[in-house]
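Take a look at the structure set out below.
Residue numbers (the working numbering), protein chains in the order written: chain Z, 1 to 490; chain C, 491 to 923.
Following this line, the structure appears as structure tokens:
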């Protein structure tokens, strides 16, 4: 994000997802120079920006696995992390809904697994009790497993908040920066080669999601291990048309936790994901069959969902480790100066703070003698979110800064002031989608039809670039090609 | 700026301005129009094509000229227009919360309110087109604004989905700006826009239109590279073996409009699922007393003139309501309104309610849309119970074209109709010619 950056660091983190960002934040607590690189035009554009937005309770992973341990611990840590970083997070609780008598029988093993994983507060609800909790549920539901510690989070804001806080505490973040090769001297990683030149470091932390196996292979580590991306597709509903009280899961199968029905922190009902195995690197496109399956499965839980109320769709890729079913968080043998965080599929987001914590423990265990800064600022305050304010607060905000007086997104009620905040913030937006993730504009029922021309003009002014240089999500995704009356390509 | 107005009009397009003018003409003293854009006129400013004014002025005007007429009239009548202002909230007690950079966040009250927010476009997501999410998937109206107002060209090679009026008009516009329109696709087996636009925008410009074909996927990671298309049957199921990939850099989605009613919901106004807008009576009053509605916020009109005519009705009645309120005479609405229901081949009707007083008094204007096209003589029948009370002949019925009928006093009358309380209208194909 700066043109001239230093090129020597103590830690370089490859991958600007939730894990990379939280690791960066942990490391900025210490007296070390930290660089985070992200190959896309913005942070949080991979799996962290396209998932179920659920902080899972932790009854699902097999007891004894790293997943089970990280999920339960991460779930607990999110409370404090979200509060310090001002991330929208609600402990809504979740239900695994059994339909029919046979499925009711499978709640008990799940319950026992949750107890083994130290998941707090689990209980099995009988039909009558459960039906009162969620009026829209399929009336043939036979009962549910209730997990009070599950929650919903704003996954975009979580990544952005962690990154902003890291930058505030003097980390450097470089977007549009892809790791191309490692610099290895005497079997120790001393630096990396990127499309933006070489950077030197004592440690490389590989948190590159779907790209993480490739980086490991550069170091000759786990050459047999590969990421097998599993695509999950989702549908979002108009918040004005349907709302639900709870996060609802079907009874899980061997393919995973199944298609869930939840209400996001923004108030939209979201359904998904399915699970489609793909060859690396995978593609985040939706398919007719996939979306049909998602809708079909969700209708089993909530029969009153209406296809005509759908306002958006997306697909994400889980960075699964294929047959290796657990997370990998390790300092690999065979090369020095590397930490691998890979195979992080679900429940990766829920586990993220615990994974960052574990990485710090591994580094300490490897002899890293961390000295902690006295001036670390743990708190990050979100910039104003106009539509969440009361009438009185709105009036006060506009009085202080008239830029909040101009609405640029009518559905989500986002103001020009918020767009400027998104651009000017520490890990600020440089793309249209970046502004969308930070302000939530363009996500409503008109899907940006109203805001696009307005936002383009604000971006051009605030970023000091031509309208034709503005992109949706990085180079190659320019929105405006030319001015009218210009010749094609002119 | 005052805190309380006789008539507050939300939206300064062809419906809102007409409503404000007519309110003023009918005795409202303080009338304020709240407009979210920098100037009044609404969507008309980006409609630089002609075809406006035929009904009201017997002229063929471009959109901005049509808008200018109303803006000038509004100025002449001393109507205040608050531009660059978004209405954020509204209550059933007619309090309105608006936001702009000059006055800030303000609370206003209307003795009567006219809702004239217009409409929005349906998007890709509403028909669940799968694929990637690159730059270059836009709604036609947004591109119309970009091209005609901002002067931006958001693509060079276009595929347009939807044969509605905006889609066809934009096809011509883009060709005139040097772009290539590779294809217009229409999932329906028939044209959904006006015939005249087909002739003037598509046929005359040699653009290919495929009926019964839709987009089945979007290809391209950063920017649209191509769209997958497929023929669909009448139930919109893809016909195997008819897939065709069309290279393009932009997909323009022109698949219909939806009345904009976020504010109406906040004020507890009942919406008709058939029109997407508020249920209104012959005075264009919603179920909430003193809140009227007009134009595309009520139902999607085919012609702007009818939008303004509905605005006149709403504005006049809003002024009467405000006057009554001031004089302390808040006579309740007629308790026994007739509900007008959609019968065979009728997709939607406005107004949905009519009072017996209006039927015997001034009469009213009825607007309806057909569900399916009938390209021969059609009988429009008004039923009370199982009896045909009145019938009208139409030369044809096309979903794209609204059927508008001025109902004269006592034209709908029949012994015993008050007992049923409901009327029904149907469109029936006539045998023979």
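Here a beta-carbon is modelled for each residue, glycine too, at the ideal position from N, C-alpha and C.
- Judged by beta-carbon spacing, residue 262 of chain Z lies beyond the 8 Å limit of residue 159 of chain Z, meaning their Cβ atoms are not closer than that value.
- Close partners of residue 281 of chain Z in chain C (Cβ separation under 7 Å) are lacking, with about 11 Å as the shortest Cβ gap.
- Note on residue 482 of chain Z: 16 or more other CB atoms within 10 angstroms of its CB, so buried under the neighbour-count rule.
- Looking at the DSSP output, residue 621 of chain C sits in a beta bridge with Z:286 and C:708.
- Closer than 8 Å to the CB of residue 616 of chain C there is at least one CB belonging to chain Z.
- Taking C-beta separations shorter than 8 Å and ignoring five residues to either side along the sequence, the partners of residue 305 of chain Z in its chain run 237, 242, 261, 269, 271, 295, 298 and 299, following chain order.
- Nearest in C-alpha terms to residue 893 of chain C, of all of C:919, C:856 and C:908, is C:856.
- Contact of residue 754 of chain C with chain Z by beta-carbon distance below 7 Å is absent, the smallest such distance being about 11 Å.
- For residue 645 of chain C and residue 416 of chain Z, the gap between their C-alpha atoms comes out near 26 Å.
- Counting C-beta atoms within 10 angstroms of its own C-beta, residue 714 of chain C has 16 or more neighbours from the protein chains shown and is therefore classed as buried.
- The three-state secondary structure of residue 385 of chain Z, taken from DSSP, is coil.
- In summary, residue 38 of chain Z is buried, with 16 or more beta-carbon neighbours lying within 10 Å of its beta-carbon over all protein chains present.
- The Cβ neighbour count for residue 921 of chain C, taken over all protein chains shown within 10 Å, is under 16; the residue is labelled exposed.
- A Cβ of chain Z is located within less than 8 Å of the beta carbon of residue 594 of chain C.
- Residue nearest to residue 751 of chain C within the set C:743, C:776 and C:552 is C:776 (criterion: CA-CA distance).
- With fewer than 16 other Cβ atoms from the protein chains shown falling within 10 Å of its own Cβ, residue 865 of chain C counts as exposed.
- Straight through space, the alpha carbons of residue 175 of chain Z and residue 199 of chain Z are spaced by roughly 14 Å.
- Identification of residues in the region 371–399 of chain Z having a C-beta nearer than 7 Å to some C-beta of chain C yields 391, 394, 395, 398 and 399, given in sequence order.
- The criterion of a C-beta distance shorter than 8 Å is not satisfied by residue 747 of chain C and residue 663 of chain C.
- Collapsing the DSSP output to three states places residue 560 of chain C in a helix.
- Rounded to the nearest angstrom, the gap between the Cα atoms of residue 338 of chain Z and residue 150 of chain Z is 33 Å.
- Selection C:868, C:817, C:818 and C:808 evaluated against residue 836 of chain C yields C:868 as nearest (Cα-Cα).
- Counting every other CB atom within 10 Å of its CB across the protein chains shown gives residue 791 of chain C a total of 16 or more, marking it as buried.
- One Cα belongs to residue 521 of chain C, the other to residue 563 of chain C, and the distance between them is close to 13 Å.
- In this structure, the CA atom of residue 457 of chain Z is about 7 Å from the CA atom of residue 467 of chain Z.
- Below the 9 Å Cβ cutoff, chain Z contributes 484 as neighbours of residue 637 of chain C, in chain order.
- Collapsing the DSSP output to three states places residue 671 of chain C in a strand.
- A Cβ-Cβ separation of about 4 Å places residue 609 of chain C in contact with residue 786 of chain C under the 8 Å criterion.
- A distance of 8 Å or more separates the beta carbons of residue 673 of chain C and residue 694 of chain C.
- Under the Cβ criterion of 8 Å, residue 269 of chain Z is not counted among the residues facing chain C.
- Against chain Z, the beta carbon of residue 623 of chain C has neighbours under 7 Å at 314, listed in chain order.
- In its chain, beyond the 5 residues on either side, 236 have a beta carbon closer than 6 Å to the beta carbon of residue 312 of chain Z.
- Between the C-alpha atoms of residue 761 of chain C and residue 119 of chain Z there is a straight-line separation of about 45 Å.
- Contact of residue 580 of chain C with chain Z by beta-carbon distance below 7 Å is absent, the smallest such distance being about 12 Å.
- Under the three-state reduction of DSSP, residue 368 of chain Z is assigned to coil, being neither helix nor strand.
- Taking residue 512 of chain C as the centre and dropping the five residues before and after it, the same chain places the C-beta of 802, 805 and 806 closer than 6 Å to its C-beta, in chain order.
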